[in-house]
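Everything on this sheet refers to the single structure shown next.
Residue numbers (my numbering), protein chains in the order written: chain C, 1 to 401; chain D, 1 to 401; chain E, 1 to 401; chain Y, 1 to 401.
Printed below as a string of structure tokens:
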């Protein structure tokens with residue numbers, strides 16, 4: 001009946017789905033309820049209000065779709081654009097690739113701006129495209145804030161600056177799936193028009209809510225966007241928001257209570273502290289990788305991701321074998337290399353509900369696996385590098401008795 | 001933090017989401033896992049195989065979409081049809097109405113066959129439309145097996161007979177949301193091309209899986225269907241089925257384990273016994289309604305639904321007040337009357353994980369509420385009628401020690 | 001793996017262990033913790049303070065023993081008495097019998113005052129014994145507040161009056177296992193010296209905490225009591241209370257969090273409201289028994305118990321068969337008749353986390369079982385009587401949205 | 001509401017209560033049940049049969065007391081001995097000290113054989129006492145298999161040899177609280193008369209079951225033992241065993257299901273594999289301690305405990321500060337030094353449901369704490385030593401897919 005065997009805990013270090021806090025698991029361990037009773041709308045109202053905080057927006061309108069990140073992508077696109085609309089989209093890894101595939105299948109006219117995997121979005125090309133587009137034929141810029149396949153974080157503030165520089169009205173649509181609640185993200189400051197994430201990422205919930213947040217401009221655009229949509233249509237939600245019942249179709253009661261608990265925990269820790277914690281654990285991970293003598297797939301420090309580190313292995317090692325052994329031998333779940341970097345990188349997800357000692361356990365495990373597969377790692381070296389950094393930076397937690 | 005207050009249990013008798021067995025709640029109370037490990041595909045394989053049994057199909061291909069019934073509708077339509085395709089669709093209540101709305105918004109050419117709410121689908125009109133359609137311009141018949149708003153069950157065997165009689169090749173798309181796992185449903189025998197349900201209905205899980213099952217003809221149709229789709233596209237699933245990894249995007253780990261537990265329980269009880277149990281509880285409910293001197297919204301016995309009973313209240317009573325009081329005073333969740341029957345009916349959902357004494361508690365509660373709102377009910381009368389029937393028909397459960 | 005089979009919920013109406021609120025089950029669904037960390041003492045401190053409220057004492061000292069009611073009995077006796085001490089003890093049913101058996105095995109000199117089962121403690125005998133005991137050879141009065149086997153509640157206020165009348169210094173030791181948190185209980189007002197209960201009764205927790213509360217006189221007595229004791233010794237606890245670490249040996253972390261949640265729920269409802277609710281459900285039960293034409297085992301109204309009703313069946317019926325069928329056929333758990341009333345009574349426990357509709361379900365079930373075993377019950381009659389009363393008395397719950 | 005704060009998991013490395021497997025937490029997350037229904041005896045029967053396996057006995061009789069280890073001690077002593085009986089008992093640390101305190105308070109005549117803390121039981125003294133005791137005045141030998149305070153494991157096989165050598169009939173009573181299910185323990189082979197453990201130790205359950213197992217000789221002795229006992233009396237259990245209802249008073253339903261799940265997991269892994277795993281993790285821990293340049297409190301290798309390691313800190317460090325910081329800064333729970341070794345040692349519990357990477361996380365944490373408090377540890381050194389050993393010895397787990 002149970003497929004994760006062996007004694008002790010599973011060490012979950014894929015970049016999603018991530019570890020769920022026990023408080024959230026408890027909050028979700030419950031029977032169904034009538035979502036048309038007064039209780040669920042009252043709960044939903046608090047969620048819609050509070051979820052805006054994780055996007056750092058006051059003017060945005062959030063939607064909690066019963067879907068995944070892929071569905072959230074579709075909702076972002078189909079509500080704001082019409083078939084044939086020209087969009088600029090950056091291909092820098094597997095997830096941006098998949099989003100572009102979706103954009104094309106939804107019949108948008110996509111200018112794909114490709115970078116080598118391991119690099120960030122080429123914003124020079126963006127600038128030149130905007131410069132050329134006096135007629136404003138470009139309707140939207142689609143960008144993945146954090147490419148989960150390569151551990152690359154794009155600079156959204158710069159994207160906004162470029163758009164502003166050219167006074168270009170294109171909508172800015174951002175995939176924040178592996179960034180929001182973990183990396184610095186500022187919807188209002190950066191003029192993001194649609195931002196989206198999935199519950200199973202830094203929010204540390206099960207999969208099942210695709211959270212989409214729309215700026216006033218995006219809401220306005222949705223009124224004339226001609227893409228066919230029903231399930232993902234914002235219009236139905238907006239209608240039920242007005243009625244105060246909120247749900248055009250049945251939500252997951254469990255995920256609503258889970259989201260409430262997850263937000264409570266995030267706010268208790270403090271969103272800014274959460275972001276600092278992610279940076280601290282990510283830095284420690286990168287120091288370990290360096291100590292092992294391995295390379296970060298991310299080519300420049302400016303793109304380093306604080307939620308996932310893709311580690312390049314020597315050519316004589318198959319990175320998939322590392323992932324396989326980690327799981328089978330040490331109950332450690334690492335991320336595979338995907339597509340172009342399959343076999344070449346393995347990924348350590350360090351996002352969501354994690355702390356220092358969990359990370360050290362993971363790093364110690366990776367070292368053993370590296371040795372298992374024949375890489376001449378010095379055992380303890382990564383842990384030493386990581387813990388030297390962590391020991392200096394880990395705060396005392398005042399709320400702890 | 002908790003919005004359902006008051007001592008004791010909530011008595012959940014809405015026609016979905018329904019009561020989840022404790023075993024299933026337990027099975028779902030867990031952390032996330034890496035869905036790319038060998039464990040999740042191994043689990044998924046058993047689910048895809050076993051879920052076919054609830055559709056009574058051996059040739060069908062099931063899809064477990066991370067969505068709701070509304071999403072499952074969209075998947076059924078967009079994978080089999082092209083914009084402009086003519087379809088015949090039956091409007092008999094709120095849920096068939098919503099599906100038709102979706103069909104129209106997805107740009108199909110819908111022949112709406114309307115019945116009075118409380119009646120079943122008008123199959124005479126179907127017959128005449130098929131008789132007239134020598135050119136086979138009708139591409140699909142869309143029908144709700146059980147209309148949850150009015151408690152009306154349509155006769156799918158007859159639909160198939162009519163199609164066969166006219167040797168009409170139209171696809172038969174069936175919403176089984178409030179029927180599958182509770183009413184007799186036979187995908188293969190009745191030549192259903194797409195059948196669908198939602199996890200929060202008779203499967204007795206949380207909301208979050210839209211289960212769509214496609215016949216070989218439907219799979220064939222999907223290859224040429226031109227409706228735009230990505231998230232709901234079967235093609236991506238079929239590709240991952242072949243690869244043996246099953247998931248084009250992140251599933252809910254918890255729902256997969258929950259579905260496993262739910263199927264195990266259904267098979268342990270025996271799917272046929274489950275259907276008999278639903279009939280027994282539904283019959284008892286109808287006898288209670290009769291004893292109260294109230295009318296079933298369903299106009300003829302042939303359409304009586306074994307999953308939900310819509311009860312018509314006298315004109316001087318607002319049925320919404322019954323639902324409100326039941327919840328507020330007795331922690332009893334009943335279904336509202338929707339749209340045309342708002343204020344006129346309340347609904348008792350008797351599907352999913354329920355037994356005799358839970359139903360008697362509900363009926364006793366309804367009696368008190370009826371008295372609360374001024375209806376001259378004889379307290380105990382409905383319980384008497386229901387229990388007289390149940391006492392004769394409830395089986396000894398052999399598996400119980 | 002699971003031994004309670006069949007669809008739907010188990011209907012738990014034994015007089016303990018009782019139904020646990022979902023909030024409490026959730027609060028307990030957790031890993032172990034170090035009980036020597038600062039967190040557990042901080043939690044324990046709140047529990048010891050708040051648990052006094054359920055005894056209605058401000059001067060008492062509570063002990064949370066990792067044991068059952070039987071262990072709590074032993075702790076009450078051995079900490080306050082010395083071998084050979086004379087005590088007066090009332091035998092009115094199986095549980096007072098078992099306590100007396102324990103008293104005798106612990107080598108006390110027990111004056112057993114026996115009543116017919118179904119009657120309360122004979123307080124006239126108490127008065128005459130006290131009157132005779134000028135030398136104060138009687139060291140303690142032991143009395144069960146509520147005899148769970150027969151559904152008899154003794155009048156503790158009268159016991160105190162008699163003691164005061166004779167100015168007798170005997171300690172008053174009270175078994176409140178099936179009364180505290182459900183019946184009116186006033187430790188300070190009634191001059192109770194040791195009161196005790198078990199977590200699995202009206203507190204609605206799992207079995208595992210025997211709660212003993214000692215008056216200042218009892219604490220004083222414990223300093224000279226010569227009964228041998230270690231595990232149940234108050235001295236060890238008092239020592240750790242002073243140190244602020246509270247636990248001389250490992251407590252159940254889960255039960256501590258569960259007790260916290262259980263107390264929070266009780267206080268949220270209001271302890272007085274809880275007591276009124278118990279009276280209301282008990283009255284409804286008694287009205288149903290009357291409507292069935294059956295007799296209450298409790299011989300006079302003054303002794304009626306608001307936590308359990310023992311129902312006498314006609315001589316031609318074996319009450320054990322009723323209990324067996326209820327469980328096997330309807331998933332309804334009723335209490336057996338014990339010892340002298342075995343086969344003659346069955347018991348309906350109506351204590352703890354329960355509401356009106358749960359009770360109606362139970363009563364409807366009992367009616368069906370009565371018919372099953374050949375008693376000429378009029379189905380619905382008990383439910384009618386109970387619901388007529390409940391419909392008039394059930395309050396609107398203001399905290400519910 | 002929740003007192004263990006901070007993000008991520010608590011790292012629980014006290015020598016009890018220990019980490020509970022998720023499967024066990026799930027199995028226990030349930031409502032109460034009637035323990036007099038047929039289901040609970042059926043479950044209990046399997047537990048009593050299977051629990052014998054963890055004692056490696058076929059002839060023993062197990063008792064599942066709703067109590068802690070302290071209560072289990074009391075049950076072992078009072079059922080087999082009479083007041084004034086002479087016993088030989090070994091004082092080697094805090095827990096043997098507490099047991100001796102209990103023995104003395106229960107009025108036995110205790111020959112205390114003391115060793116320096118950090119040493120094992122002085123078996124030479126045992127030999128000489130037995131040699132001198134021609135009259136067989138010694139009624140029992142009481143010995144702690146594994147002293148949790150100092151991490152010392154006594155050699156029970158040698159104890160048996162000495163007893164046999166002198167053909168001495170004294171009963172052999174063994175505290176296996178921190179050994180059974182983790183260390184090699186052979187009740188039948190070693191002629192142990194009473195062995196006992198607590199659920200919260202290597203069985204990896206919550207606190208609440210004191211498991212006592214009695215040899216036929218011990219059962220025989222219980223018939224004439226004159227120690228006063230009621231709650232802890234084996235006689236009541238034996239009576240209910242014969243009746244097939246098993247429980248003289250209410251057990252914890254949750255712990256019974258939890259014990260079932262815990263035993264299932266142990267047997268799935270294989271009890272011998274579990275013991276090997278404990279040895280492997282313990283060896284790794286000792287290698288880390290050595291690498292840190294710190295001393296094991298246990299003075300000779302023959303006494304090394306595979307369930308807990310007590311680490312001696314330099315005189316200029318207060319070991320309590322290490323424990324305090326570990327908890328407050330890194331969410332790591334370590335064991336305090338107790339009594340004579342307070343401030344001098346901290347303890348790493350490595351028993352129960354644990355795996356390699358959890359241990360590495362702990363060791364990495366200890367290193368950081370050591371540095372925090374000013375000990376010149378080389379970060380990573382302990383992890384390096386431990387992982388070098390683990391990487392060579394960790395088995396592939398065949399049951400894992």
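Quick reminder that beta carbons are idealized off the backbone N, C-alpha and C, glycines included.
Beta-carbon separation (whole angstroms), residue i vs residue j, contact threshold 8 Å
i: residue 237 of chain E; j: residue 41 of chain E; result: Between residue 41 of chain E and residue 237 of chain E the Cβ distance is about 13 Å, and since that is not below 8 Å, they are no contact.
i: residue 97 of chain D; j: residue 140 of chain D; result: No, residue 97 of chain D and residue 140 of chain D are not in contact; Cβ-Cβ is about 18 Å, not under 8 Å.
i: residue 73 of chain D; j: residue 175 of chain D; result: 7 Å
i: residue 87 of chain C; j: residue 115 of chain C; result: About 17 Å; that fails the 8 Å criterion.
i: residue 403 of chain E; j: residue 387 of chain D; result: Absent from the model: residue 403 of chain E. The displayed extent of chain E is 1 to 401, so no value can be given.
i: residue 138 of chain E; j: residue 168 of chain E; result: 7 Å
i: residue 215 of chain D; j: residue 60 of chain D; result: 6 Å
i: residue 335 of chain E; j: residue 357 of chain D; result: The Cβ separation is near 16 Å, so there is no contact.
9 Å Cβ cutoff met for residue i and residue j
i: residue 196 of chain D; j: residue 172 of chain D; result: no
i: residue 65 of chain C; j: residue 177 of chain C; result: no
i: residue 298 of chain C; j: residue 144 of chain C; result: no
Cβ shell of residue i (< 7 Å), same chain only, five flanking positions each side left out
i: residue 257 of chain E; result: 27, 28 and 30
Outcome for residue i when other beta-carbon atoms lying within 10 angstroms are tallied against a minimum of 16
i: residue 85 of chain D; result: buried
i: residue 135 of chain Y; result: exposed
i: residue 131 of chain E; result: exposed
i: residue 374 of chain C; result: exposed
i: residue 118 of chain C; result: buried
i: residue 17 of chain D; result: buried
i: residue 389 of chain Y; result: buried
Distance, residue j Cα to residue i Cα
i: residue 46 of chain Y; j: residue 53 of chain Y; result: 11 Å
i: residue 352 of chain D; j: residue 307 of chain D; result: 8 Å
i: residue 305 of chain Y; j: residue 146 of chain Y; result: 7 Å
i: residue 293 of chain Y; j: residue 392 of chain Y; result: 23 Å
i: residue 68 of chain D; j: residue 154 of chain E; result: 56 Å
i: residue 255 of chain C; j: residue 198 of chain C; result: 12 Å
6 Å Cβ shell around residue i - same chain, five flanking residues per side excluded
i: residue 203 of chain E; result: 181 and 262
i: residue 1 of chain E; result: Confidence in residue 1 of chain E is poor, its pLDDT being 40 and thus under 50, which makes the residue's placement too unreliable to answer from.
i: residue 285 of chain Y; result: 309, 348 and 350
Neighbourhood of residue i by C-beta, 8 Å cutoff - its chain only, sequence neighbours within 5 removed
i: residue 427 of chain E; result: Residue 427 of chain E lies beyond the range of chain E shown here (1 to 401); nothing can be said about it.
i: residue 365 of chain E; result: 11, 326, 330 and 332
i: residue 345 of chain D; result: 150, 297, 310, 311, 312, 313, 319 and 337
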